[in-house]
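Chemist: Pasting a structure here, questions to come.
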Amino acid sequence: MLISPSSQQARRREGPRGRYDPVLLLAIVALASIGIVMVASASIAVADGKHIGAFYYLKRHLLFLSLGTVLAVIAMRVELKFVEKFSMPLMLLGMATMLAVFLPGIGMRINGARRWLNLGVTSFQPVEAIKLLLIVYLASYLVRHKQAVERKLFGTVNPLVVAGLIVISLLLQPDFGSSALIIAVTVGMIWLGGARMRYLFGMAAVAAPLLAAAALSENYRVRRLMTFLDPWKDPFNDGFQLTQALIAIGRGEWTGVGLGESVQKLFYLPEAHTDFILAVIGEELGLVGIVVVLALFALLVGRGLMLGLRGVELGQHFAGYVAFGISLMIGLQAMVSAGVNLGVLPTKGLTLPLISSGGSSVMMTCAMLGVLLRAGYEIHRAGDARRMAVRNESARVADANVADASATEEAPA
């Protein structure tokens with residue numbers, strides 16, 4: 070039987086509809102807006118001192134934020150089943166780019182670390198892409214091997230082996246902060262995927278000494294750890310960054326000294342517009358500003374985790390696991406960055422998502438959030454489909470009851 074185009078359009082209009090989660094959008098836009106303002110405030114003195122124009126870093130941040138927005142919009146329009154289909158090839162491509170940083174002429178060494186690819190007009194940090202690709206791969210793995218993850222040790226070990234290969238590459242660059250972040254997100258996703266706790270604790274008992282050995286294998290890591298314990302012991306050398314960050318936050322007190330009035334950003338606080346931008350927020354906007362930023366991150370991460378739970382309940386397992394992974398990645402990175410600025414964690418060199426200035430990190434964070442918004446869209450669509458099915462079933466039952474009642478009334482005595 071032929072169906073007219075008009076009837077097809079009517080069905081599409083009446084079918085289940087997805088929607089991008091408004092709470093996620095609100096948190097993302099608010100954090101990005103704060104980031105623009107604070108990058109402008111924190112980078113003016115640095116850019117002016119280098120004679121590259123007072124708003125050089127702001128323009129650069131806006132450029133990469135615009136490119137990231139384009140990536141986010143593209144990610145929001147791509148069905149997750151298509152992403153799931155190519156999760157393995159994408160993962161292999163990401164691991165290849167991680168190794169490419171060691172190739173002469175392609176990899177770049179900056180401040181003693183080989184973490185960047187030379188793209189001619191700019192540089193790119195592959196670890197920022199591998200964070201998203203690993204989440205997609207893990208979500209696909211948890212869907213394909215759900216029973217093995219829940220019941221067997223090898224089902225839990227396999228994804229950790231993949232994460233371990235990435236970590237080895239990162240330690241060779243070296244990048245211990247990203248290594249710890251990737252391990253934490255991997256373990257978190259496996260646990261949320263149903264892995265047994267005794268397996269995870271057993272592997273943690275094996276991995277902990279190895280991570281400790283890696284952390285203590287380099288002198289600069291040992292110095293960072295000792296400096297974190299007592300930054301005031303050497304405030305003009307190893308403890309300089311942390312002491313300046315603590316001075317900035319202390320000057321801000323409750324409400325700050327005023328937007329643009331920071332003193333520490335004037336060549337005292339290193340990396341004021343990147344790794345230590347939260348310290349500038351604390352100085353200019355006070356404790357109130359820090360609480361607002363952390364509350365927005367809590368809103369974003371909490372909403373993402375709730376969407377993940379809803380997705381698993383509705384049978385949208387891949388979308389749910391993707392939401393879990395991205396929420397964990399954003400939340401843990403924000404927590405580590407805030408902890409470094411507040412002096413409760415050793416210096417790691419991780420940016421504050423959506424707020425710190427950067428190129429690769431800003432673009433890939435936007436792409437990651439675009440995938441999260443797409444996951445929320447499909448989860449809301451599945452929920453709408455379930456509600457429509459329940460309404461249709463209720464209407465069918467009601468029509469059947471009315472028909473039965475009419476038949477009973479019309480039957481002869």
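In case it helps, the working numbering puts the sequence shown at residues 70 to 482. Even glycine gets a Cβ: it sits at the ideal position worked out from N, Cα and C. Since this is a predicted model, take the numbers as computed values, not measurements.
Taking Cβ positions, are HIS449 and GLY87 nearer each other than 8 Å?
Modeler: Yes.
Chemist: Looking at the unbroken alpha helix (DSSP H) that takes in GLY246, where does it start and where does it end?
Modeler: Taken as a continuous stretch (DSSP letters only), the alpha helix (DSSP H) holding GLY246 covers 245-261.
Chemist: Spatial neighbours of ASP453 within its chain, please: CB distance less than 6 Å, with the 5 preceding and 5 following residues excluded, ordered by chain position.
Modeler: Closer than 6 Å at the Cβ level, and outside the excluded window around ASP453, lie PRO85, ARG86.
Chemist: Output the distance between the C-alpha atoms of MET272 and PHE366, rounded to the nearest integer angstrom.
Modeler: One C-alpha to the other measures close to 30 Å.
Chemist: Using 8 Å as the threshold, is the C-beta distance between ILE318 and GLU340 below it?
Modeler: No, Cβ-Cβ distance for ILE318 and GLU340 is not below 8 Å.
Chemist: In the DSSP assignment, find the beta strand (DSSP E) that holds ILE179 and state where it starts and stops.
Modeler: Its beta strand (DSSP E) spans residues 176-179.
Chemist: Answer yes or no: do THR416 and ARG293 have a C-beta to C-beta separation smaller than 8 Å?
Modeler: Cβ atoms of THR416 and ARG293: closer than 8 Å.
Chemist: Could you name the residues that DSSP lists as bridge partners for LEU311?
Modeler: Looking at the DSSP assignment, LEU311 forms no beta bridge with any residue, so it has no partner.
Chemist: Taking all protein chains shown into account, decide if GLY327 is buried (16 or more other Cβ within 10 angstroms of its Cβ) or exposed.
Modeler: Exposed: under 16 other Cβ atoms inside 10 Å.
Chemist: With DSSP as the reference, identify every bridge partner of ALA141, one or two as the case may be.
Modeler: Partner(s): none; ALA141 has no beta bridge.
Chemist: How big is the Cα-Cα spacing for LEU71 and ALA388?
Modeler: Any reading at LEU71 must be qualified, since the residue scores a pLDDT of 43, below 50, and its modelled position is unreliable; no value is offered.
Chemist: Between TYR89 and the rest of its own chain, which residues show a CB-CB distance below 6 Å, the 5 nearest in sequence each way excluded?
Modeler: Same-chain partners within the cutoff: LEU442, TYR446.
Chemist: For HIS120, count neighbouring Cβ atoms within 10 angstroms of its own Cβ and tell me buried if that reaches 16, exposed if not.
Modeler: Exposed, since its Cβ has fewer than 16 Cβ neighbours within 10 Å.
Chemist: Taking the continuous alpha helix (DSSP H) assigned at LEU378, which residues delimit it?
Modeler: Here the alpha helix (DSSP H) through LEU378 covers 346-382.
Chemist: Determine which residues share a DSSP beta bridge with ARG183 and list them.
Modeler: According to DSSP, ARG183 bridges with ARG178.
Chemist: Between LEU222 and the rest of its own chain, which residues show a CB-CB distance below 6 Å, the 5 nearest in sequence each way excluded?
Modeler: For LEU222, where only same-chain residues beyond five positions count, the Cβ hits under 6 Å are TYR268.
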